[in-house]
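Sequence order for the protein chains is D and E.
Numbers in the working numbering are just positions in the first sequence, counted from 1, shifted up by 118.
Numbers in the working numbering are just positions in the second sequence, counted from 1, shifted up by 118.
Virtual Cβ for every residue (Gly too), placed ideally from N, Cα, C.
Keep in mind it's a predicted model, so treat the numbers as computed, not measured.
Here the structure comes first, spelled out in structure tokens, and everything after it is commentary.
Number of protein chains: 2
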Amino acid sequence: MGGESGKMYRVVFQPDGRQGMAREGQTVLEVARELGVYIESICGGRQTCGKCRIRVANGRFDTYGLLSTTEHLSPPDAGEQACAERCGLAPDERLGCSARILGDVVIEIPEVSREKRQVIRKDVGSRTLRVNPAVRLYYVEVPEPALEESRGEWERVQEELATHFGLEGVQPDVTVLQEVQRSLREGKRGITLSVRQGREAIRVQPGYHEDIYGMAIDVGTTTMAGHLAHLRTGDVLATVSMMNPQVTYGEDIMSRIAYAMRHPEGRERLHQAILNGLNDLIRQATSDAGITPQDIVEVVLVGNTVMHHLFLGLDPTTLGTAPFTLAIQDAVDIKARDFGLDIAPGGNVHVLPCEAGHVGADNVAVLLAEAPHRVEGEIHLVIDVGTNGEILLGNRESMWVASSPTGPAFEGAQIRHGMRAAAGAIERVRLDPETLEVRFKVIGEARWNTEWPDNALDAFDITARRAGQKQRPTVVKARGICGSGIIEAVAELWRVGALDDSGRFVPGLADETPRFVPEGEKGAFILAWPHETATGQSIVVHSDDIRAVQLAKAALYTGTKLLMKRAGIEHVDRIKLAGGFGSYISPAHALMLGMIPDAALDRVVAVGNAAGDGALMALLDQDAREEARQLARWVTYVGTALEADFQEEFVAALHIPHRHDPFPHLASLLADAEPWRSQRRARVQRASARRSRRRRRRGHT
Amino acid sequence: MGGESGKMYRVVFQPDGRQGMAREGQTVLEVARELGVYIESICGGRQTCGKCRIRVANGRFDTYGLLSTTEHLSPPDAGEQACAERCGLAPDERLGCSARILGDVVIEIPEVSREKRQVIRKDVGSRTLRVNPAVRLYYVEVPEPALEESRGEWERVQEELATHFGLEGVQPDVTVLQEVQRSLREGKRGITLSVRQGREAIRVQPGYHEDIYGMAIDVGTTTMAGHLAHLRTGDVLATVSMMNPQVTYGEDIMSRIAYAMRHPEGRERLHQAILNGLNDLIRQATSDAGITPQDIVEVVLVGNTVMHHLFLGLDPTTLGTAPFTLAIQDAVDIKARDFGLDIAPGGNVHVLPCEAGHVGADNVAVLLAEAPHRVEGEIHLVIDVGTNGEILLGNRESMWVASSPTGPAFEGAQIRHGMRAAAGAIERVRLDPETLEVRFKVIGEARWNTEWPDNALDAFDITARRAGQKQRPTVVKARGICGSGIIEAVAELWRVGALDDSGRFVPGLADETPRFVPEGEKGAFILAWPHETATGQSIVVHSDDIRAVQLAKAALYTGTKLLMKRAGIEHVDRIKLAGGFGSYISPAHALMLGMIPDAALDRVVAVGNAAGDGALMALLDQDAREEARQLARWVTYVGTALEADFQEEFVAALHIPHRHDPFPHLASLLADAEPWRSQRRARVQRASARRSRRRRRRGHT
């Protein structure tokens with residue numbers, strides 16, 4: 119088409135400024151392809167998809183000295199007009215596949231038509247995501263074969279891909295080969311191919327399609343969480359999480375390794391458990407989004423090194439003992455069918471690389487999401503809180519990383535009334551310093567418990583709701599405490615002076631409030647009364663739970679401190695608290711607990727599931743995968759647990775906030791509770807004095 | 119190593135003459151790698167494998183002006199001496215990995231150490247095979263990881279492959295990743311990798327190994343035949359064949375397509391049947407060779423287009439009706455596990471390309487094996503005899519190809535006592551023109567039946583042999599007739615005048631010999647008496663069998679003739695008869711039957727299973743695969759069955775040798791039988807005259 123007149127015009131593409139000469143009558147899409155400029159198009163110029171939107175930099179002299187006007191393109195024909203209405207083109211937008219060059223012109227490619235475009239997702243921590251997926255859709259129409267045709271259907275599909283999209287020699291996955299004949303028949307010779315990296319057709323569908331989906335999943339030791347995303351638009355259509363089914367084989371990483379070592383079928387059982395879990399999670403997400411697992415063409419997976427090895431079917435036992443050797447550090451690409459995922463049969467699983475024996479692909483994802491390696495000047499500290507905590511420290515000059523065996527307390531496991539961050543989990547807790555009365559907020563319920571209507575019905579109680587009691591308002595009552603809830607509960611108890619610095623309930627608490635139930639040296643504090651819970655049983659924070667939180671926060675603090683020491687850094691400028699287990703961690707409460715180094719509150723920010731978000735970035739943008747590979751090799755791993763002073767530091771860090779370190783920024787957080795706090799803490803000193811006197815008397819007798 | 123002295127010497131590698139400068143003290147292997155000269159080595163310079171043999175062009179001035187002497191290499195050290203003994207080095211052979219450069223030197227790389235070397239295989243029709251396999255072995259030793267090592271085991275394996283073999287960035291198949299840790303442990307950090315095309319590790323074994331196997335299989339409509347080969351040495355270790363298990367779903371291609379179309383599960387059943395058959399064949403071959411199917415790392419498959427589609431799981435129905443469209447024409451590479459073959463789990467299946475809707479990968483293999491496309495001047499005709507016959511005609515200028523639905527008669531199917539070419543099958547038949555006595559030879563028995571000892575025991579009769587009759591000599595008695603046997607039997611019956619030109623038994627035959635058993639208009643001729651057969655029943659050639667042979671040979675002849683007509687060729691210089699069903703076809707008998715155009719007997723040659731041999735070539739030499747892809751696109755397909763004059767030609771070709779065409783070269787073949795032949799044929803004329811008279815009389819009354 120075009121070019122017969124022999125006239126040539128200059129065409130400039132914006133924003134990248136690439137330019138060249140075009141023959142009169144060529145379409146903008148054709149010219150773009152010749153100049154190596156990408157304009158999105160699924161149908162390859164058939165006025166079907168409406169994706170190849172362009173604009174003319176109209177009526178002005180360009181920096182290139184061109185007078186570019188809309189008249190330098192052919193006017194919209196009937197086909198374009200129909201498509202414009204159907205696809206909702208803006209008044210100044212044209213279809214690149216039908217607008218023909220009639221004069222010098224500056225063409226602007228809007229963000230939405232660019233190869234690598236930015237979208238901002240509010241549902242993913244308002245992050246800016248780059249959409250440049252590994253798998254793209256191509257619609258082709260293949261003519262009926264002629265009698266003397268000796269080429270196969272696939273060769274003719276290849277020809278269409280080459281002619282309309284410039285893709286040469288695309289190879290078919292075997293499942294595509296097995297389906298291509300039927301698809302051509304059913305699609306009346308029109309098919310949509312999902313092509314990976316411009317090289318391999320991994321799916322074929324009859325007719326025209328423009329939806330293509332992928333999933334990014336963070337496999338944590340305790341929790342698995344995933345985003346389901348549209349690979350063309352970047353839309354996140356569902357965000358789901360569930361318990362890692364491996365939990366039945368052990369709470370933490372070391373117990374999983376032990377299971378794999380001790381049982382002859384252990385490794386395979388763990389592998390199968392995680393596969394089943396992943397398939398369940400994918401089913402859940404696709405069902406939420408109203409699609410099927412077979413609509414997913416790509417999955418990006420991250421996880422700590424043990425999860426990484428177990429979901430890949432690799433032997434994790436070398437990760438359990440020095441020198442903690444990985445089977446592979448680099449990224450891995452595997453056909454979904456070889457991996458065992460029930461997605462599109464030709465689909466792909468991309469596993470991000472690991473950093474070291476103790477720092478896995480999940481931390482690489484945190485790096486991608488928080489990008490401390492792009493920071494100039496300031497020192498950033500990123501703490502990923504999970505059953506296995508990971509700590510990143512540095513900036514674009516250097517990056518140090520450590521891991522810290524936190525235990526599952528922050529994910530609601532090994533806590534008496536702990537639960538996953540799901541509907542009914544207490545996620546926020548506030549204590550009145552005077553009365554010790556409790557306010558809490560539950561996931562799935564917008565109001566604090568103190569705002570619930572008196573006669574509210576339990577949202578979980580199906581029978582009661584069915585029994586004609588519909589007129590009563592419904593409330594999601596408490597079913598347990600999740601990670602952010604337990605952090606706040608313990609921090610609040612300490613803030614009001616109900617806990618001493620060693621984490622023990624102060625004496626005389628039972629006289630002050632019926633919420634405290636003593637139990638020898640220990641005790642429990644009632645957060646939710648029976649009428650506030652879905653189970654009809656009180657929900658408490660027990661001394662043992664407090665101890666678990668202390669162990670966990672001490673592990674994180676010690677890891678951070680030793681990492682800073684090893685890196686020779688005494689002060690950090692910004693602290694990011696990431697956590698892949700649901701609600702955001704409250705920076706104030708993390709500070710009070712001494713989970714992180716002292717800092718002004720405005721320098722601490724909670725960033726949610728950074729690992730999951732980083733995985734999403736790698737799903738949507740194939741360039742991010744290459745960046746991840748480079749980052750994984752670049753960071754410096756520090757084995758903090760092997761440092762000589764770990765044990766001593768750890769014991770000191772068990773105190774709230776710390777036995778030795780000052781936390782000057784805490785003062786303001788404690789101010790409002792100060793009178794009652796001092797009172798209760800004074801009781802500790804008196805009791806302590808009494809104990810000393812008794813000891814002295816015993817010494818005398 | 120080396121290079122510290124700073125002295126440089128010229129090194130020339132023969133036979134290809136590549137040369138360059140080497141530092142004093144470098145090993146020959148190192149220098150070769152730097153210059154891009156391939157020298158075989160599995161252990162990468164550890165004096166383990168003894169494969170990197172080289173010779174010094176000793177004591178003479180070379181064309182390069184160099185005086186090259188053995189003293190220009192370091193003398194063999196203890197390691198080389200030990201290896202030389204173990205591996206049987208010739209006196210003038212050195213190990214390239216331990217011989218160091220001490221002066222200018224011309225190094226000769228013997229055939230056995232070259233990347234692409236030639237071997238002549240007597241067991242495969244004395245063909246010259248090129249050994250340049252897609253998969254090669256590499257032995258690496260990976261040091262124990264250090265404590266601060268953050269790279270994974272695989273990255274360190276990669277480093278060894280890069281250092282010792284120049285292979286960069288080898289990617290692991292997932293099964294290799296899953297096994298590499300255990301292999302390193304069991305092999306005490308030494309492992310042997312099978313690497314495909316220098317890019318992908320598809321198998322890992324603990325310790326040092328030097329054996330690597332593949333299979334080449336020709337899947338025919340009726341018979342499947344395969345070679346098991348050593349991919350390093352080119353040795354053929356087993357040659358096996360079996361009935362295609364799809365035969366139960368239909369005798370020929372069209373009935374298979376019909377089955378796939380008519381039954382909802384038809385295509386899948388046919389697919390599964392062929393997979394089971396392939397796995398059985400591989401088990402049989404590996405068991406014969408004393409290895410296991412998991413030792414096979416690559417399989418090359420060929421077959422006609424319908425077999426090709428069915429074993430790939432593609433829809434064959436488009437091949438049944440015009441325009442006979444292939445799903446894919448090009449070569450296909452598939453992981454064995456995706457294909458469904460039980461070989462090494464990371465292994466590969468390479469399927470040669472097809473030529474057109476009716477000419478498949480088997481014919482491409484015939485092209486590779488017979489190479490008519492390399493012939494200059496002469497015109498070659500290659501006929502591949504099978505249930506679906508294929509005909510190649512031409513030379514390096516042009517190549518025409520046609521297919522011809524021969525039917526399964528030549529493979530021993532649809533013949534009363536037909537059988538596959540296996541032990542007990544009558545493969546050779548001779549008739550005494552005077553007495554009509556029969557001599558025959560059976561597969562698995564070296565002697566003709568007339569040479570069998572009188573008291574011979576049937577080799578198949580296990581019970582008789584067990585019953586203390588071991589002192590009696592054993593003979594493999596007849597169990598049926600295979601393709602080459604039925605061709606000879608019918609041709610011989612015609613040669614001696616027992617059959618007339620229309621294929622009917624001549625009158626009065628029953629009076630001449632008790633071997634003829636009349637049956638109305640038809641009859642049967644006894645080839646083997648009950649005492650000569652394993653079953654104790656006579657083996658006969660029936661009128662219906664003769665008719666099947668006539669139909670089959672007429673299809674081949676007509677196809678050939680129409681192809682010659684279309685190509686404008688009147689005379690061929692050489693005829694090759696290929697057949698993938700066991701024994702070689704006798705050119706003389708093929709000529710007598712009129713299966714091929716008339717030719718001097720010395721211009722006709724039987725080449726056996728050319729398709730299977732071509733597949734073997736593609737298995738051993740990856741360059742042959744590229745050649746196959748080019749050939750497949752290059753040949754010109756002629757749809758002979760669609761030619762207007764097919765039917766008329768076919769009817770004329772049913773006669774023996776032909777109703778119209780002269781076969782002057784036949785005279786000499788018939789000379790010795792002439793007296794008796796004339797006598798018997800005269801009876802036909804008399805009988806014919808009698809019949810005419812009777813008809814006339816009836817006409818009168």
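#1: Three or more beta-carbon pairs under 8 Å between the stretch 647 to 654 of chain E and the stretch 503 to 518 of chain E, yes or no?
#2: According to the Cβ coordinates, are R321 (chain D) and V415 (chain D) closer than 8 Å?
#3: Give the single residue among D:N727, D:A729, D:S231, D:I533 whose Cα lies nearest to the Cα of A642 (chain D).
#4: What's the call for T568 (chain E), buried or exposed, on a 16-neighbour Cβ count within 10 Å?
#5: Just the C-alpha distance for D576 (chain E) and F558 (chain E), rounded to the nearest angstrom, thanks.
#6: Which ranges would you report for the alpha helix (DSSP H) in the stretch 187 to 246 of chain E if only whole runs of at least 4 residues count?
#7: So A445 (chain E) packs on W272 (chain D), CB below 8 Å; how close in whole Å?
#8: What residues from chain D crowd round D433 (chain E), counting only those whose CB sits closer than 7 Å?
#9: In the DSSP assignment, what residue or residues form a beta bridge with V258 (chain D)?
#10: Which chain E residues sit within Cβ distance under 7 Å of P263 (chain D)?
#11: Relative to the alpha-carbon of D550 (chain E), which residue among E:A202, E:P793, E:P471, E:R816 has its alpha-carbon at the smallest distance?
#12: According to a CB-to-CB cut-off of less than 8 Å, which residues of the stretch 276 to 300 of chain D neighbour chain E?
#13: DSSP three-state label for M119 (chain D), please.
#14: With 8 Å as the threshold, decide whether the Cβ of G475 (chain E) is near any Cβ in chain D.
#15: Taking the continuous beta strand (DSSP E) assigned at Q323 (chain E), which residues delimit it?
#16: If contact is defined by three or more beta carbon pairs under 8 Å, each pair taking one atom from either stretch, is the stretch 434 to 444 of chain E in contact with the stretch 471 to 478 of chain E?
#17: What does the Cβ neighbour count give for D134 (chain D), buried or exposed, with the cut at 16 atoms within 10 Å?
#18: Assign R743 (chain E) to one of three DSSP states: helix, strand, or coil.
#19: Checking the sheet assignment: what are the DSSP bridge partners for F623 (chain D)?
#20: Rounded to whole angstroms, what's the CA-CA distance from D720 (chain D) to S620 (chain D)? Just pull it up for me.
#21: Quick check on V292 (chain E): buried or exposed, where buried means 16 or more other Cβ atoms within 10 Å of its Cβ?
#22: Taking CB distances under 8 Å as the criterion, tell me whether E761 (chain E) reaches chain D.
#23: Could one say the Cβ of L430 (chain E) lies closer than 8 Å to chain D's Cβ atoms, at least one of them?
#24: Taking the alpha helix (DSSP H) that S405 (chain E) falls in, what are its first and last residues?
#25: Answer yes or no: does any C-beta atom of chain E fall closer than 8 Å to that of S521 (chain D)?
#26: Contact criterion: CB-CB distance below 8 Å. Does Q323 (chain E) meet it with respect to chain D?
#27: Residues of the stretch 442 to 463 of chain D with a CB closer than 9 Å to any CB of chain E: list them in chain order, please.
#28: Give, in chain order, every unbroken run of the beta strand (DSSP E) that is at least 3 residues long and sits entirely within the stretch 426 to 484 of chain E.
#29: Secondary structure at A540 (chain E), three-state DSSP: helix, strand or coil?
#30: Cβ of M119 (chain D) less than 8 Å from any chain E Cβ?
#31: 8 Å is my cut-off, CB to CB: does S268 (chain E) come that close to chain D?
#32: Taking the CB atoms as reference points, tell me whether G730 (chain D) and H345 (chain D) lie closer together than 8 Å.
#33: Starting from I335 (chain D), follow the beta strand (DSSP E) in both directions and report where the run begins and ends.
#34: Comparing C-alpha positions only, which one of E:G757, E:A742, E:E494, E:T281 sits nearest to M682 (chain E)?
#35: I'd like to know whether the C-beta of Y256 (chain D) is nearer than 8 Å to at least one C-beta of chain E.
#36: What's the C-alpha gap between H778 (chain D) and G626 (chain D)?
Well, looking at it:
#1: no
#2: yes
#3: D:I533
#4: exposed
#5: 16 Å
#6: 196 to 205
#7: 6 Å
#8: Q299, R300
#9: D:I309
#10: P441, T443
#11: E:P793
#12: P290, V292, L295, Q296, V298, Q299, R300
#13: Residue confidence is low: M119 (chain D) scores 44 on pLDDT, short of 50, so the model does not pin down where it sits. Its coordinate-derived value is still stated next. Note: M119 (chain D) maps to coil in three-state DSSP.
#14: yes
#15: 318 to 324
#16: yes
#17: exposed
#18: helix
#19: D:L617
#20: 27 Å
#21: buried
#22: no
#23: yes
#24: 384 to 407
#25: no
#26: no
#27: F442, T443, L444, A445, I446, Q447, D448, V450, D451, I452, K453, R455, D456, F457
#28: 450 to 453, 466 to 469
#29: coil
#30: Its pLDDT being 44, under 50, M119 (chain D) is placed unreliably by the model, and the measurement read from it follows with that caveat. Output row for M119 (chain D): interface = no.
#31: yes
#32: yes
#33: 331 to 337
#34: E:G757
#35: no
#36: 27 Å
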